[in-house]
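Chemist:
Protein chains in written order, with this note's numbering: chain L, 2 to 242; chain W, 130 to 361.
(1) Would you call the CB atoms of residue 103(L) and residue 74(L) closer than 8 Å?
(2) With a threshold of 8 Å between beta-carbons, can residue 190(W) be considered close to chain L, or not?
(3) So residue 227(W) and residue 303(W) are in contact, right, with Cβ under 8 Å, and what is the actual spacing, rounded?
(4) So for residue 149(W), helix, strand or coil by DSSP?
(5) Within the 8 Å Cβ cut-off, does residue 204(W) reach chain B?
(6) Which same chain residues, not among the five before or five after residue 198(L), have their C-beta less than 7 Å away from its C-beta?
(7) Mind checking the segment 281-303 of chain W against chain L and listing, in chain order, the residues whose C-beta falls within less than 9 Å of any C-beta there?
(8) Do you know offhand how far residue 291(W)'s Cα is from residue 191(L)'s?
(9) From residue 146(L) to residue 128(L), what does the alpha carbon distance come to, in whole angstroms?
(10) Please return the same chain residues whose Cβ sits closer than 7 Å to the Cβ of residue 195(L), not counting the five positions on each side in sequence.
(11) I'd like to know if residue 76(L) contacts chain W, where contact means its C-beta is closer than 8 Å to some C-beta of that chain.
(12) Is residue 320(W) close to chain L? Criterion is C-beta to C-beta, closer than 8 Å.
(13) Report the option in 212(L), 182(L), 76(L) whose CA atom is closest to the CA atom of residue 323(W).
(14) So is residue 157(W) in contact with chain L if we call contact Cβ pairs under 8 Å?
(15) Can you tell me the Cβ-Cβ gap for residue 1(L) and residue 190(W), rounded? I've got them flagged as a contact below 8 Å.
(16) So what's residue 221(W) in DSSP terms, helix, strand or just coil?
(17) Mind pulling the chain W residues with CB within less than 9 Å of residue 163(L)?
(18) According to DSSP, is residue 122(L) helix, strand or coil?
(19) For the alpha helix (DSSP H) containing residue 314(W), name the first residue and the last one.
(20) Using the Cα positions of residue 199(W) and residue 142(L), report the straight-line distance between them to the nearest angstrom.
(21) For residue 68(L) and residue 294(W), which I take to be in contact (beta-carbon distance under 8 Å), what is that distance rounded to the nearest angstrom?
(22) Mind checking which residues open and close the alpha helix (DSSP H) that includes residue 135(L)?
(23) Just the chain W side, please: which residues come within less than 7 Å of residue 97(L) by C-beta, in chain order?
(24) In chain W, what lies closer than 8 Å to residue 34(L) by C-beta?
(25) Which of the three DSSP states is assigned to residue 255(W) in this structure?
(26) Would you say residue 326(W) lies against chain L (beta-carbon separation less than 8 Å)?
(27) Do residue 176(L) and residue 210(L) have their beta-carbon atoms positioned less than 8 Å apart in this structure?
(28) List, in order along the chain, the chain W residues whose C-beta lies closer than 7 Å to that of residue 211(L)?
(29) Going straight from the alpha carbon of residue 63(L) to that of residue 111(L), what length do you get?
(30) Taking 8 Å as the CB-CB limit, is residue 234(W) close to chain L?
(31) Would a check of beta-carbon distances place residue 264(W) closer than 8 Å to chain L?
(32) Residue 201(W) versus chain L: which residues are under 9 Å apart at the beta carbon?
(33) Could you give the first and the last residue of the continuous alpha helix (DSSP H) run that contains residue 340(W)?
(34) Do we get a CB-CB distance below 8 Å when we pair residue 15(L) with the residues of chain W?
(35) Residue 70(L): which of 173(L), 223(L), 229(L), 217(L) sits nearest, CA to CA?
(36) Does residue 73(L) come out as helix, strand or coil in the three-state DSSP assignment?
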């Protein structure tokens, strides 16, 4: 390995690649979240006809590789005549960045939808019954009880999904996007030094994932503060009195 | 769908995809069991190595792992053959081997966690009972621990297999003619990417459904004694 190359590589990846990776992850996780909520709510419906659509969506996006989903949006859709002819769709679908956002959002929407569904179904029945006994109904229960509780229950799994998105965003380098991996592949092609380029990129991802794990653990702690109860000593005093 | 004579290429690609996944899992199971043994060791250093292995692969994008281990193994081998052994020849690693190596390492990193959890789920009394019967540690491992670990770990391993099956698509990047690359080749020459990528996606779905059926059968077989005892 030629160590002298690494600082220059690192600089290029951090200044050119990192912003793209962060934008990809932030945008697609946000959009994916808004896809996940209706998907999960429709998935827990009692009506089989309502359930089938989100089921098919989740089945397709969880059963096929993300790489092929990205290629389908970028290469696949551009070969369809009616898309090339569309004044509204073509300006978006001809940009690799937006194609990446569409594919990543749909993918994480399906996975997060399934996480949220599991979380909704894990909410104790009594909490929903209590809400009903308080005269809440329909949307109000969803808004005040179901969703906040589901987010809390599903957060550890959802955090994992965000980390998977950071790693998945590397695949957008295959449709010419210059994210961290994209910059690394370019540097490899230019200098023919695969290890220097890819290992440097790997270190950046490791640091990114480490920081994200820390952040998620902090958020989890904040959201479940009320479950911790009072500190041990006070509890003992309360019992004594 | 009209495959314009490229149908065979896709089917062949699906075959390579399946072989790649099975090869990676075979390597990954060995690495996973070893990783779990390290994590459960009483030696601090061994535990650190085991945990470091999992953390490393959990934080690296799978695509980078494929690239690093494909080029890395080649560079290393070239160094050994050309410089250390002094043989002047062109050294190249097949993309299939590179793919098995990379995906196997990833499978091992995740499955070591599954195995660790499964070993911990075995009641201590089972091991003590084996010891009191005079079994050696190895015999205990083979007759008592491993069969039970297999049953408890199967659902988790099944999920990981499905993940590996989808990760095989990444090996197309280093030039293996598996399903994804076959679809790309056919799409490029017919200028009809949509048909071929969609066909490939459906083939991946078919492989996923097929694998799920096999995993289900294995799970039923692995827990046959257990179901009877529990009176399900």
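Glycine included, each C-beta is placed from N, C-alpha and C at the ideal position.
Modeler: So, to answer that:
(1) Taking the first chain and counting its residues from 1, the one referred to as residue 103(L) is at position 102. Taking the first chain and counting its residues from 1, the one referred to as residue 74(L) is at position 73. For residue 103(L) and residue 74(L), yes; Cβs fall inside 8 Å.
(2) Numbered from its first residue, the second chain carries residue 190(W) at position 61. Taking Cβ atoms only, chain L reaches closer than 8 Å to residue 190(W), which makes this a yes.
(3) Start at 1 with the first residue of the second chain, and residue 227(W) comes out as number 98. Start at 1 with the first residue of the second chain, and residue 303(W) comes out as number 174. Indeed they touch by this definition, with Cβ atoms about 6 Å apart.
(4) Here residue 149(W) refers to the residue found at position 20 of the second chain. Helix.
(5) Among the protein chains of the structure shown, namely L and W, there is no chain B.
(6) Residue numbering aside, residue 198(L) sits at position 197 when the first chain is read from its first letter. Sequence-distant partners of residue 198(L) (beyond 5 residues in either direction) whose C-beta falls short of 7 Å from its own C-beta, in its chain, are 10, 185, 188, 189.
(7) Within the segment 281-303 of chain W, the residues whose Cβ lies closer than 9 Å to some Cβ of chain L are 291, 294, 295, 296, 297, 298, 299, 301, 302, listed in chain order.
(8) The sequence position of residue 291(W) within the second chain is 162, counting from 1. The sequence position of residue 191(L) within the first chain is 190, counting from 1. Spanning the two alpha carbons is a distance of roughly 36 Å.
(9) In the first chain, counting from the first residue as 1, residue 146(L) sits at position 145. In the first chain, counting from the first residue as 1, residue 128(L) sits at position 127. Their backbone Cα atoms lie some 8 Å apart in a straight line.
(10) Here residue 195(L) is taken as the residue at index 194 of the first chain, counted from 1. 189.
(11) Taking the first residue of the first chain as position 1, residue 76(L) is located at position 75. Output row for residue 76(L): interface = yes.
(12) Numbered from 1 along the second chain, position 191 holds the residue referred to as residue 320(W). Chain L contact via Cβ: present.
(13) Walking along the second chain from the start, residue 323(W) turns up at place 194. When only C-alpha atoms are compared, the closest one is 76(L).
(14) If you number the second chain from 1, residue 157(W) lands on position 28. Residue 157(W) does not count as touching chain L.
(15) Given a span of 2 to 242 for chain L in the structure shown, any question on residue 1(L) remains unanswerable.
(16) In the second chain, the residue the question calls residue 221(W) occupies position 92. Residue 221(W) carries a coil assignment under DSSP once its states are collapsed to helix, strand and coil.
(17) Counting from 1 along the first chain, the entry for residue 163(L) is found at position 162. Chain W residues near residue 163(L): none, gap ~13 Å exceeds 9 Å.
(18) Here residue 122(L) refers to the residue found at position 121 when the first chain is read from its first residue. Correct three-state label for residue 122(L): helix.
(19) For this step, residue 314(W) is matched to residue 185 along the second chain. Residues 308-319.
(20) Locating residue 199(W) in the second chain gives position 70, where the first residue counts as 1. Locating residue 142(L) in the first chain gives position 141, where the first residue counts as 1. Between the alpha carbons of residue 199(W) and residue 142(L) lies a distance of about 53 Å.
(21) Start at 1 with the first residue of the first chain, and residue 68(L) comes out as number 67. Start at 1 with the first residue of the second chain, and residue 294(W) comes out as number 165. Not confirmed; about 12 Å, so no contact.
(22) Working through the first chain from its first residue, we reach residue 135(L) at position 134. No alpha helix (DSSP H) holds residue 135(L); DSSP gives it neither H nor E.
(23) Position 96 of the first chain, counted from the start, is the residue given in the question as residue 97(L). Those do not exist, as residue 97(L) stays about 14 Å from chain W at its closest Cβ, beyond 7 Å.
(24) For the purposes of this step, residue 34(L) is taken as the residue at position 33 of the first chain. Under the 8 Å cutoff, chain W gives no residues; its nearest Cβ is about 21 Å from residue 34(L).
(25) The sequence position of residue 255(W) within the second chain is 126, counting from 1. Helix.
(26) The sequence position of residue 326(W) within the second chain is 197, counting from 1. Residue 326(W) counts as touching chain L.
(27) Here residue 210(L) is taken as the residue at index 209 of the first chain, counted from 1. Here residue 176(L) is taken as the residue at index 175 of the first chain, counted from 1. 8 Å or more divides the Cβ of residue 210(L) from the Cβ of residue 176(L).
(28) Against the first chain, residue 211(L) aligns to sequence position 210. Near residue 211(L) (Cβ distances below 7 Å), the residues of chain W are 188.
(29) Here the question's residue 63(L) lines up with position 62 in the first chain. Here the question's residue 111(L) lines up with position 110 in the first chain. Just so you know, the alpha carbons of residue 63(L) and residue 111(L) end up roughly 7 Å apart.
(30) Taking the second chain and counting its residues from 1, one reaches residue 234(W) at position 105. Not closer than 8 Å to any Cβ of chain L, the Cβ of residue 234(W) fails to qualify, so no.
(31) What you label residue 264(W) is simply residue 135 of the second chain in a count that begins at 1. For residue 264(W), the answer is no, since every Cβ of chain L falls outside 8 Å of its Cβ.
(32) Indexing the second chain from 1 puts residue 201(W) at position 72. Going along chain L in sequence order, the residues near residue 201(W) (Cβ under 9 Å) are 195, 196, 199, 200.
(33) What you label residue 340(W) is simply residue 211 of the second chain in a count that begins at 1. That run of the alpha helix (DSSP H) goes 322-351.
(34) In the first chain, residue 15(L) corresponds to position 14, counting from 1. By the rule that beta-carbons nearer than 8 Å mark a contact, residue 15(L) does not touch chain W.
(35) Counting from one through the first chain, the residue named residue 70(L) turns up at place 69. The shortest CA-to-CA distance from residue 70(L) to any of 173(L), 223(L), 229(L), 217(L) is the one to 173(L).
(36) Within the first chain, numbered from 1, the residue matching residue 73(L) stands at position 72. Here residue 73(L) sits in helix by DSSP.
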